[in-house]
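First up is the structure itself, then whatever we jot down about it.
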Amino acid sequence: MSSILVLNGPNLNLLGSREPAIYGTATLADIRAICEEAGARAGLAIDFRQSNHEGVLIDALHEAPGRHAGVVLNAGAYTHSSIALRDAVAAIGLPVVEVHLSNIHAREPFRRHSHVGPVALGMICGFGPHGYALAIEALGAHLTG
Ligand code: CA2
18 MSSILVLNGP NLNLLGSREP AIYGTATLAD IRAICEEAGA RAGLAIDFRQ SNHEGVLIDA
78 LHEAPGRHAG VVLNAGAYTH SSIALRDAVA AIGLPVVEVH LSNIHAREPF RRHSHVGPVA
138 LGMICGFGPH GYALAIEALG AHLTG
């Protein structure tokens, strides 16, 4: 069975505990369960990870080729700031789907730009945790199509 990496960036470990008006009440464990269900439907194993550290996220991307067929990436605030993360996404040669829980285009101006977007296969935002399931379904279709 092919596998995909679902990689989550800084502060996403806090989901469900604070800011429910923006991010909802689901925890990261709930999102992991959603990803595993979507992966089972798509015939994809899920390697679900989170880190608050930019270098750890970059290392996980570097290690993905050969282990994973693609990546679902919610880079959190590094989306808007990290050229290093963008370079890692561009370097690995795997399809990467960018996901955000919130609609980043409907928020503060500094969230409206993504360094990852131009090197991603596509981007899904604004659908809360369901966006992860949509991303896995889209990645599965891309990989089999
Ligand atoms: O909407 C998204 O998924 C984001 O990637 C979430 C990031 C934010 O910086 C991006 O602009 C959009 C924030 C991660 C979660 O941050 C929390 C902070 C406090 C409480 C709960 C979550």
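Per my numbering: the sequence shown ends with 162, consecutive numbering throughout. Think of the CB as a built atom: it goes at the ideal place given N, C-alpha and C, for glycine as much as any other residue.
- Between the alpha carbons of residue 85 and residue 22 lies a gap of roughly 6 angstroms.
- Residue 66 sits in a strand when the DSSP states are folded into three classes.
- Judged by DSSP in its simplified three-state form, residue 36 adopts coil rather than helix or strand.
- Residue 90 sits close to residue 116, with the two beta carbons spaced by under 8 angstroms.
- For the options 124, 42, 68 and 141, the alpha carbon positioned closest to that of residue 27 is the one of 68.
- Per DSSP, residue 102 is one residue of the alpha helix (DSSP H) stretching across 100–109.
- Here the C-alpha atom of residue 135 lies approximately 28 angstroms from the C-alpha atom of residue 36.
- Beta bridge pairing from DSSP links residue 20 with 62.
- Inter-residue distance for residue 75 and residue 156 is about 20 angstroms (C-alpha atoms, whole angstroms).
- If you draw a 10 Å sphere on the C-beta of residue 94, you find fewer than 16 other C-beta atoms in it, and that means exposed.
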